[in-house]
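Chemist:
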Amino acid sequence: MRILAAVIAIAAGLLVLAGYFFPEISVLVTIQTLLLNWALLMLAAATLVGALNLAAVHTNKIRRREKGNLYSAVLLVFLFGVFMLGLIFKPGHEVMRLLLNGLLLPVEASLMAVLAVTLLYAGVRLLRRRADFTSLIFVATAALILLGSATLPFGNIPVVTSISLWVKQVLAVGGARGILIGVALGSLLTGLRVLFGADRPYGGN
Amino acid sequence: MIEIAIFAFAAFLLLILTFWKRKSPAVLRELPALARLQRAIGVSVEDGSRLHVSLGQGGLLNAQGGSALAGLAALRIISERTSVSDKPPVASAGDPLLGLLTQDTLQAGYHAAGVDELYAPTSGRITGLGPFGFAAGAMPITANENISANLLLGHFGVEAGLLTEAAERESVQLIGASDNLAGQSILFASAQDALIGEELFAAGAYIGAGPSHTASLTVQDLLRLIVILALLGGAFLKFAGMI
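This is how it looks when you write it as structure tokens:
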């Protein structure tokens, strides 16, 4: 079973890759599209499994009266409530849109607001926790970029604005490209390990 | 044609070096965050506390798949080493397919440690879909489940700030790595230990995931050197007016 899972995974990976490398061979592109469509179907099924898993985790918490079980109960009520409403009204219905726009989006927006405060606090604490050269550069750059892009009551400071622009367009872009090239190489090698079957995050192996 | 050549070259090097590295011990440079990760794994087994491994919300069908797979490779080793602990690790993900693979990987770790009967499917969780839903679901794990260390290995954006804050509030160690630039900067500013850039992909090699992981680090270094030479060569040719 484990070998079969590995064979299927490696063959599917190679076929999808071949479709990217040889777009002029229509059979390969057709197979690639078919496999990706199957993957999308599996994604939908996995979402349902994920919701059931989430429900199981929180049901256990309530049953064992663990810390925070009240929140678990609220989560389960809303999970099944929204699921039932979705089945009754269908996702495009006004009620579902109201739930999305009136409940989910404001909650996410409030988390974003909390994040802004959290990051400000983290920036203040950074030098206290790790007082080294890189942290100093980090804080100084953040302050420079903020000063250069914020609308100040007395108008922009020309020197700061031009230095900030230069840092953003030259140093930051160069550094970001370097990091992204490293991430791309890491992703390539990780994908290769999976294609060769050296890493098998499937089939219980 | 260039991409096929890069792919074939990298694949060839990886195969050769994997066989070579099987015979020679890995020599790796010191990365403080990954040294602490090793210690955190040991401490969780010794003091009966739990590790929380979060794999982020990167999907397997898009560009973030690489970081998700790197996180899974590390999770496989962590679950094998800590599954016999009184409090086995808990893993969270924000993508349905990644969530399923998280459970499968945890189960594989238990199987490798010979304690299949201890595996609980609820130890691998999909805490929410979307960045903030995922973070909101993962935050209470730190507070409620006797966690000694949080390991963030995968695709995290700005929502990483909420997870670091939750860890800070509970005085729990957090080691973080993301393939996302915004996530990396937030982890650098707010986590005790942050891995920058491709260091995320080195985690497996540092915790003993095998010769293929150490070989892939060497191949990454070689490819990076080639990219640097190509960039310098291109800049020189442009400067000389040849291109």
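Taken in sequence, the protein lines are chains A and B.
Heads up: the first sequence runs through residues 1 to 205, numbered per this note's numbering.
Heads up: the second sequence runs through residues 1001 to 1243, numbered per this note's numbering.
Ideal Cβ positions, reconstructed from N, Cα and C, are used throughout, including at glycine.
None of these values were measured; they are calculated from a predicted model.
Can you tell me whether B/Gln1192 is helix, strand or coil according to DSSP?
Modeler: B/Gln1192: coil per DSSP, three-state reduction.
Chemist: For B/Asp1086 and B/Ile1147, I'd like the C-alpha separation in whole angstroms.
Modeler: 12 Å
Chemist: What does the alpha-carbon distance come out to for the pair A/Lys168 and A/Gly182?
Modeler: 20 Å
Chemist: Determine, for A/Glu66, whether the minimum Cβ-Cβ distance to residues of chain B falls below 8 Å.
Modeler: yes
Chemist: Fully enclosed by the stretch 14-62 of chain A, which alpha helix (DSSP H) runs are 4 residues long or longer?
Modeler: none
Chemist: Which two residues bound the contiguous alpha helix (DSSP H) that contains B/Gln1312?
Modeler: Limits of chain B in this structure are 1001 at one end and 1243 at the other, which puts residue 1312 of chain B out of reach.
Chemist: Along chain B, which residues have their Cβ under 7 Å away from the Cβ of A/Leu108?
Modeler: Looking at the sequence itself, residue 108 of chain A is Glu, so the reference to Leu does not match. Going along chain B in sequence order, the residues near A/Glu108 (Cβ under 7 Å) are Phe1132.
Chemist: I'd like to know whether the C-beta atoms of B/Leu1098 and B/Leu1055 end up nearer to each other than 8 Å.
Modeler: Result yes, Cβ atoms of B/Leu1098 and B/Leu1055 sit closer than 8 Å.
Chemist: Look at B/Pro1121 and A/Gly50 and say whether their C-beta atoms are less than 8 Å apart.
Modeler: no
Chemist: If B/Leu1017 and B/Ala1215 are in contact, beta carbons under 8 Å, what's the gap, nearest whole angstrom?
Modeler: 4 Å
Chemist: In chain order, what residues of the same chain have a beta carbon less than 7 Å from the beta carbon of B/Leu1118, not counting five sequence neighbours either side?
Modeler: Ser1083, Pro1088 and Tyr1110
Chemist: Looking only at DSSP bridge pairs, what is B/Glu1124 linked to?
Modeler: Residue identity differs from the one stated: residue 1124 of chain B is Gly in this sequence, not Glu. B/Gly1124 is bridged to B/Ala1091.
Chemist: In chain B, which residues lie less than 7 Å from A/Asn23 when you measure between Cβ atoms?
Modeler: Strictly speaking, residue 23 of chain A in this sequence is Pro, with Asn absent from that position. By Cβ distance, chain B contributes nothing, its closest Cβ being about 12 Å from A/Pro23, past 7 Å.
Chemist: Flag this pair as yes or no: are the beta carbons of B/Gln1057 and B/Pro1140 separated by less than 8 Å?
Modeler: no
Chemist: Hey, out of B/Ala1010, B/Lys1238, B/Phe1236 and B/Arg1076, whose CA is closest to B/Leu1217's CA?
Modeler: B/Ala1010
Chemist: If we call anything under 8 Å between Cβ atoms a contact, is B/Ala1247 one with B/Gly1128?
Modeler: Any question about residue 1247 of chain B goes unanswered here, given that chain B covers just 1001 to 1243.
Chemist: State buried or exposed for B/Val1027, treating a residue as buried only when at least 16 other CB atoms are found within 10 Å of its CB.
Modeler: exposed
Chemist: Using the three-state DSSP reduction, which class does B/Gly1183 fall into: helix, strand or coil?
Modeler: helix
Chemist: Compare the Cα-Cα distances from B/Gly1066 to each of A/Val74, A/Gly191 and A/Leu85 and report the closest residue.
Modeler: A/Gly191
Chemist: Any beta carbon of chain B sitting closer than 8 Å to that of A/Ile179?
Modeler: yes
Chemist: Which first and last residues belong to the beta strand (DSSP E) in which B/His1155 is found?
Modeler: Taken as a continuous stretch (DSSP letters only), the beta strand (DSSP E) holding B/His1155 covers Ile1147 to His1155.
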